[in-house]
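In the numbering used here, the protein residues as written are 24 to 383.
Quick reminder that beta carbons are idealized off the backbone N, C-alpha and C, glycines included.
Computed from a predicted structure; not experimentally measured.
Notes follow the structure.
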Ligand SMILES: NC(=O)c1ccc[n+]([C@@H]2O[C@H](COP(=O)([O-])OP(=O)(O)OC[C@H]3O[C@@H](n4cnc5c(N)ncnc54)[C@H](O)[C@@H]3O)[C@@H](O)[C@H]2O)c1
Ligand SMILES: [Zn+2]
């Protein structure tokens with residue numbers, strides 16, 4: 024399956040097919056140079072680097088790997104500095120290219136190295152988590168965190184190609200699959216009621232990791248993300264709808280740092296909070312909010328916050344999102360399954376109520 028991301032001269036294809044990893048060399052006709060650096064994390068390196076290298080080398084591509092410790096903690100400027108050193112050591116020049124192999128962390132980090140090394144060189148995304156396949160590998164946002172906050176430094180830098188091999192999901196921990204599914208459900212709610220329905224009627228296939236079904240789901244998500252990015256590459260409008268469930272979700276994550284809530288789990292709860300808010304503002308029917316909640320629950324995602332999280336703290340943490348633009352806090356609120364709206368200036372009392380209603 025192939026999905027095109029239309030961005031003028033920066034357009035590219037997303038290729039989705041089983042065992043694509045073994046064929047990556049043949050797929051990389053888009054790059055001109057025979058030299059590349061594969062940037063990955065230590066987990067993914069052990070699992071998949073050799074497969075990629077075994078395919079690149081016969082295609083005449085000279086590759087080496089640079090791996091850092093797996094996890095969000097590595098998404099920092101020190102890692103970028105280390106990788107610039109590795110790029111020089113590997114002899115990368117302006118005609119060389121970088122391969123991002125891994126989840127969203129290697130993707131964001133390698134993309135930023137590619138955007139800035141020698142003022143920008145080509146890069147290819149080979150995402151290996153569900154989240155990276157349906158979200159972070161498409162759209163060209165790259166960057167790292169600062170001690171002061173997530174994703175505060177970065178660049179828009181589109182890949183030349185995205186290669187997705189759903190078979191690698193077999194080794195991905197179940198919790199990571201579920202987290203990716205929260206983002207998958209998000210696409211249905213914000214843009215595509217028919218896709219949402221398809222997900223809701225195929226929960227067993229999603230839970231049993233039916234790879235054929237996953238291929239079509241991933242392709243649909245990439246299509247939807249490609250549509251959004253093609254219309255608003257730099258997030259001046261439409262692209263913000265991808266933040267659905269995320270303003271609440273990020274705040275939940277920030278406040279619950281020690282309760283071990285993963286990003287996708289926080290997004291799942293965040294989508295429920297956003298839907299509850301929409302219901303209380305009478306812009307969405309209660310039954311639509313329940314349909315969303317039902318699917319998230321059936322997929323094994325949390326829809327309520329347990330533990331001692333304080334609603335007021337969550338709203339405080341939302342103020343961090345508010346600082347991101349001068350225009351203030353923008354909330355993505357659902358109108359029905361398949362349609363959302365961006366609202367500013369929502370009554371804080373209603374927001375607090377929506378949060379409180381999901382805290383046990
Ligand atoms: N650029 C964007 O548009 C965008 C969008 C969404 C999220 N993100 C970023 O993505 C990051 C999160 O991505 P993530 O959830 O993929 O995290 P991640 O890259 O840390 O991967 C999660 C874990 O899974 C392991 N792993 C990866 N693939 C595997 C496989 N096939 N089998 C077994 N283990 C595997 C990794 O080693 C890691 O331990 C965050 O930093 C977030 O900010 C970026
Ligand atoms: Zn997300």
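For residue i, the first and last residue of its enclosing alpha helix (DSSP H)
i: residue 277; result: 269 to 278
i: residue 357; result: Segment 353 to 359 is the beta strand (DSSP E) holding residue 357; no alpha helix (DSSP H) there.
i: residue 104; result: 100 to 112
i: residue 169; result: Counting along the chain, residue 169 falls outside any alpha helix (DSSP H), though it belongs to the beta strand (DSSP E) covering 164 to 169.
i: residue 379; result: 371 to 379
i: residue 190; result: No alpha helix (DSSP H) holds residue 190; DSSP gives it neither H nor E.
i: residue 321; result: 309 to 321
i: residue 240; result: 234 to 254
i: residue 77; result: 73 to 79
i: residue 258; result: From DSSP, residue 258 is part of no alpha helix (DSSP H); its letter is neither H nor E.
i: residue 228; result: 226 to 230
i: residue 215; result: Counting along the chain, residue 215 falls outside any alpha helix (DSSP H), and DSSP gives it neither H nor E.
i: residue 139; result: 127 to 139
heavy atom of ligand 2 below 6 Å from residue i C-beta
i: residue 207; result: no
i: residue 290; result: yes
Closer than 6 Å: residue i CB and nearest ligand 1 heavy atom
i: residue 188; result: no
i: residue 51; result: no
i: residue 45; result: no
i: residue 138; result: no
i: residue 28; result: no
i: residue 201; result: no
i: residue 159; result: yes
i: residue 127; result: yes
i: residue 131; result: yes
i: residue 98; result: yes
i: residue 272; result: no
i: residue 266; result: no
i: residue 106; result: no
C-beta contact flag for residue i and residue j at 7 Å
i: residue 151; j: residue 67; result: yes
i: residue 358; j: residue 306; result: yes
i: residue 209; j: residue 260; result: no
i: residue 90; j: residue 65; result: yes
i: residue 264; j: residue 363; result: yes
i: residue 125; j: residue 205; result: no
i: residue 334; j: residue 366; result: no
i: residue 289; j: residue 272; result: yes
i: residue 161; j: residue 61; result: no
i: residue 296; j: residue 178; result: no
i: residue 256; j: residue 26; result: no
i: residue 360; j: residue 219; result: yes
i: residue 37; j: residue 59; result: no
i: residue 326; j: residue 319; result: yes
i: residue 201; j: residue 373; result: no
Residue i, enclosing beta strand (DSSP E) - first and last residue
i: residue 35; result: 35 to 39
i: residue 299; result: Segment 286 to 303 is the alpha helix (DSSP H) holding residue 299; no beta strand (DSSP E) there.
Specify whether the region 163 to 180 and the region 129 to 148 touch according to this definition: at least 3 beta carbon pairs, one from each stretch, less than 8 Å apart. yes
Count the CB pairs spanning the region 75 to 91 and the region 274 to 293 that are closer than 8 Å, and state whether there are at least three. no
Can at least three beta-carbon pairs, one atom from the region 36 to 48 and one from the region 176 to 190, be found at a separation below 8 Å? yes
Check whether the region 216 to 236 and the region 134 to 149 touch, using three or more Cβ-Cβ pairs below 8 Å as the test. no
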